[in-house]
Amino acid sequence: MKYRVRLDLNFDSDSDALALMDYARGLSTRAVSINEGRDDEEISFCEIELCRHDEGLPCTRLDRLEVRKLR
Ligand SMILES: [Zn+2]
Numbered sequence: 004m005k006y007r008v009r010l011d012l013n014f015d016s017d018s019d020a021l022a023l024m025d026y027a028r029g030l031s032t033r034a035v036s037i038n039e040g041r042d043d044e045e046i047s048f049c050e051i052e053l054c055r056h057d058e059g060l061p062c063t064r065l066d067r068l069e070v071r072k073l074r
């Protein structure tokens, strides 16, 4: 059993978004992925995107951190 957190927060300020990403990056060293390398793997991750859906445009991924032990 694990304790899973899911969140998806949009900010007006890039500094708020980067602060949350940095906090998540720090905690990610204690996070684990489940069944890594198997068909049913669930990889722990955090992402930061530039979201332009308020302008009718798509999101652009800026960074993605994945918790993996296998490479
Ligand atoms: Zn978007």
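Counting in this note's numbering, the sequence shown tops out at residue 74, every number present.
Quick reminder that beta carbons are idealized off the backbone N, C-alpha and C, glycines included.
{"Asked": "In this structure, does DSSP put Glu44 in helix, strand or coil?", "Found": "coil"}
{"Asked": "Beta-carbon distances below 5 angstroms to any heavy atom of ligand 1 define the shell here; list its residues in chain order, please.", "Found": "Cys54, His56 and Cys62"}
{"Asked": "Could you spell out the range, first to last residue, of the alpha helix (DSSP H) harbouring Asp17?", "Found": "Asp17 to Leu30"}
{"Asked": "May I ask you to report which of helix, strand or coil DSSP gives Arg33?", "Found": "helix"}
{"Asked": "For Leu73, which residues from the same chain have a beta carbon less than 8 angstroms from its beta carbon, with the 5 sequence-adjacent residues on both sides left out?", "Found": "Glu39 and Gly40"}
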